[in-house]
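Number of protein chains: 2
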Amino acid sequence: MCSHRLTLVEKRYLFTPGPTPVPPEVLAAAAEPMVHHRGADFREVYARTLGRLKEVFRTESDVLLFTASGSGAMESAVANLCAPGERVVVVSHGAFGERWVAICEQHGLDVEAVRYEWGEAPDADEVGAVVRQSGAGVVLCQQSDTSTGVVADVRALKAAVGAATLVVDAISSLGAVPLETDAWGIDVVVSGSQKALMSPPGLAMASVPPHVLERAKPSRSFYFDWPRNKRAQDALDAAFTPAVSLVRSLDVALGLILDDGLDAAFVRHVRLGRAARAGVKAMGLELFSPDDDSAAVVTAARVPEGVDGTALLAHLREAHGVTLAPGHAHLKGKIFRIGHIGWFDVFDIASALAAIELSLTELGAHIERGVAVARVFEAFETKVTV
Amino acid sequence: MCSHRLTLVEKRYLFTPGPTPVPPEVLAAAAEPMVHHRGADFREVYARTLGRLKEVFRTESDVLLFTASGSGAMESAVANLCAPGERVVVVSHGAFGERWVAICEQHGLDVEAVRYEWGEAPDADEVGAVVRQSGAGVVLCQQSDTSTGVVADVRALKAAVGAATLVVDAISSLGAVPLETDAWGIDVVVSGSQKALMSPPGLAMASVPPHVLERAKPSRSFYFDWPRNKRAQDALDAAFTPAVSLVRSLDVALGLILDDGLDAAFVRHVRLGRAARAGVKAMGLELFSPDDDSAAVVTAARVPEGVDGTALLAHLREAHGVTLAPGHAHLKGKIFRIGHIGWFDVFDIASALAAIELSLTELGAHIERGVAVARVFEAFETKVTV
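Just so you know, the sequences run in chain order A and B. Every number in the working numbering is 6 more than the matching position in the first sequence, counting from 1. Every number in the working numbering is 6 more than the matching position in the second sequence, counting from 1.
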């Protein structure tokens, strides 16, 4: 959205997979008068938020809450679980898998990456074999790699890696697709506030059960030190001044999610994914993300022949106030991504598809007009059982 | 403030040195609709905020902006400047000096701490001698240690440590008392959003000039890696999803501060400090923080004989909705602290003193009644030249 083209009153539409749209009541919570983080007013909000996080993570264990981007929570796992020189396995099938690799390398670990084509889903048996062969005690993966739309079967990955500690980056998937932290035995789950938790960015989390804390190494990070943060949190007294206003927002957002029920959210995300895929295909575009119900987080489509993807996204933003996400790295200009995580309903998908159809036509592409939106609504209505 | 005593509509008064009160227009900015951090709408805010930070830091160099508490920015200096085993000097005269020690120890540094009694100001000549003798290349200190109210002469410290890299924690002092980063040759200044910058907590900063970046070691932190964050920031493209709403708030707050002028802020803080000290003394209490104009950030007073400081602060909160700060560590229960950094005016000081006077009386202390508030206004009016 470019201010010299759009006026301030022209509407903006945010269809990106993070930051995602934030409900007005969640935004309003961030504007409440400041209170002290050690006073009773805040402690009440803090305790409730920590409790709600456990419900959303579906764990009985502590969920540590950091003031940081999601990458901070990712680094916390590496800094607390792995010693320099230690062999770890990273499962990489997109840009965020490569982020695990970069974090581990910066910490001096011996990284064995199991790499898949971007857009391909990891194979649990293959990962299990690599882990056994490598002797790695820690395995790091994504549940959803937002760069491709692929959602991995982390339940199968945990079954395949056995006793190794599995760290799952669920930054873009927590609250969108099922993740049964305790029931599936996932050792560590990291997430962030600005995706399906429909809150402003700036908070990151890591679920850390006692058996994982026992295996922790001396943390190489002071700020992200798990035992220090856990001790403080246990006393409802954050180790460092927390982002008070963001915690308030998160509290309200988690309340909205849990009032409706997590299962309802999972069903809605499947339906949103179906709607987005149906619309994309109806106008004759090719999907990049998988064409099945697993792709409930983000829908990625190839930009049609003869159109530059970067120009398409710029046109959407500048002419229509619509923000979609581009491709990462080698996919830049070749795909675009529609996020549908968090505070999304079918009319958002319809608007995104209508804007894409209009913009592609304006840029001279031959696109089948007028069918996508109807297909969006039809696909959204098909029955889902999760 | 305890919700079972105070009703929701009873007013709260926040007189703590961080989080500090946030002006309504700054809070309102945090509630604006979410935008994507890579879109033009946000880039404009981001660029302006980074520019305004340079003005407040009084530096031509980059000010790196992290989504984190202030301690994150402190750790960034240690992770980027010092190699494990390296000897560093920490100047410690309060709880936050001890935080430098803890961060350095967690990073495996060889820490030589120059310790002063809490409440005492560091002696630049003495620190200079220790630095020369130790051969340390990095010296870490506080400009203001919020735990005591002491503001150190960091200009003299820089002159005394010579070629060693001086890292100044100005988390509670930046924007409250003069800090001429470039003119005084201060190598690195770290700060946070939630003190004199009168914004919500959650953003931290570090000014990093080119000569310091050249001396940087390979960062032991991925998230706080200075070169990675600098490269991204140079392209107006944060390395990690920034706390969009907090950046918007900070932008508005910095605009308010700079419109009025930093020098006006420095004068106001001196006057606020005078007012607070005059009020404390007028009711017969003993100051813990220095009784001079350097103590412009926080005023600390000893709790009178026969009164428990913890009970006093609880009474202030629960009966009157007034939040003051307690003493840290061995000073807990023995002192209380009145913050006057950021969005404070003389009526706030008067209210804080009136509430203390009232509460002490209610707790049975023999306090001279009715003189403190008058003295607050008189002292505030005395002429200041900065």
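Glycine included, each C-beta is placed from N, C-alpha and C at the ideal position.
Secondary structure at Ala301(A): coil, using DSSP grouped into helix, strand and coil.
Counting of Cβ neighbours within 10 angstroms places Glu104(B) among the buried residues, the total reaching 16 or more.
Ranked by how close their Cα comes to the Cα of Gly267(A), the residues Gly348(A), Val174(A), Ala169(A) have Gly348(A) in first place. In chain order, Leu359, Ala378, Arg381, Val382 place their CB closer than 6 Å to the CB of Gly285(B), counting only its own chain and leaving out the 5 sequence neighbours on each side.
Taking the Cα positions, Leu87(A) is about 37 Å away from Thr22(B).
Residues of the region 38 to 50 of chain B that bring their beta carbon within less than 8 Å of a beta carbon in chain A comprise Glu38, Pro39, Met40, Val41, His42, His43, Gly45, Ala46, Asp47, Glu50, in sequence order. Contact between Val313(B) and Leu366(B) holds, since their C-beta atoms are separated by about 6 Å, short of 8 Å. Taking a C-beta cut-off of 8 Å against chain B, the contacting residues of the region 181 to 210 of chain A are Gly198, Gln200, Pro206, Pro207, Gly208, listed in chain order. For Ala249(B), the nearest CB of chain A lies under 7 Å from its own CB, placing it at the interface with that chain. Within chain A, the residues Pro206, Gly208, Ala249, Ser251, Leu252 have their CB atoms less than 8 Å from the CB of Leu252(B), given in chain order.
Around the C-beta of Lys164(B), 16 or more other C-beta atoms lie within 10 Å, and the residue is accordingly described as buried.
Annotation: the continuous alpha helix (DSSP H) that includes Glu111(B) extends over 101 to 112. Membership of Met211(B) in the beta strand (DSSP E) is indicated by the continuous run 209 to 214. Looking at the backbone, the Cα of Val390(A) and that of Ala259(A) are separated by about 24 Å. For Asp240(A), the enclosing alpha helix (DSSP H) has its first and last residue at 232 to 240. For Phe342(B), there are no C-beta contacts with chain A under 7 Å, since the nearest C-beta of that chain is about 13 Å from it. In the three-state reduction of the DSSP assignment, Phe272(B) falls in the helix class. Contiguous beta strand (DSSP E) elements confined to the region 338 to 377 of chain A occur at 341 to 345, taking only those with 3 or more residues. Taken through DSSP and simplified to helix, strand or coil, Asp151(B) comes out as strand. Out of Val120(A), Leu185(A), Gly143(A), the CA that lies nearest to the CA of Val133(A) is found in Val120(A). Excluding its 5 nearest sequence neighbours in each direction, Met289(B) has C-beta neighbours in its own chain below 6 Å: Glu363, Ile373, Glu374, Ala378, listed in chain order. A contact is defined here as three or more CB-CB pairs under 8 Å, and the region 169 to 176 of chain B meets this definition with respect to the region 145 to 160 of chain B. By alpha-carbon distance to Met204(B), the top candidate from Lys17(B), Ala35(B), Glu16(B), Gly376(B) is Ala35(B). For Ala162(B), the enclosing alpha helix (DSSP H) covers residues 160 to 167. At least one CB of chain A lies nearer than 7 Å to the CB of Tyr229(B). Of all residues in the region 108 to 141 of chain B, those with a C-beta nearer than 8 Å to a C-beta of chain A are Ala108, Ile109, Gln112, His113, reading in chain order. In the assembly as shown, Ala317(A) is an exposed residue. Its beta-carbon has fewer than 16 other beta-carbons within 10 Å. Contact annotation: in the region 13 to 31 of chain A, residues whose CB is within less than 9 Å of a CB in chain B are Arg18, Leu20, Thr22, Gly24, Pro25, Thr26, Pro27, Val28, Pro30.
In this structure, the straight-line span from the alpha carbon of Ile109(B) to that of Ala282(A) is close to 48 Å. Inclusion of Gly333(A) and Gln200(A) in the CB contact set at 7 Å is not warranted, their separation being larger than that value. For the pair Leu70(A) and Ala212(A), the CB atoms are nearer than the 7 Å cut-off. The region 181 to 188 of chain B and the region 230 to 244 of chain A do not touch, with fewer than three beta-carbon pairs separated by less than 8 Å. For Val96(A), the enclosing beta strand (DSSP E) stretches over residues 93 to 98. With its beta carbon at least 7 Å from every one in chain B, Glu92(A) lies outside the interface.
Residues of chain B with a Cβ closer than 7 Å to the Cβ of Arg226(A) are, in chain order, Arg226. At a C-beta separation below 8 Å, Leu33(A) has these neighbours in chain B: Ala36, Ala37, Glu38, Pro39, Met40, Ser251.
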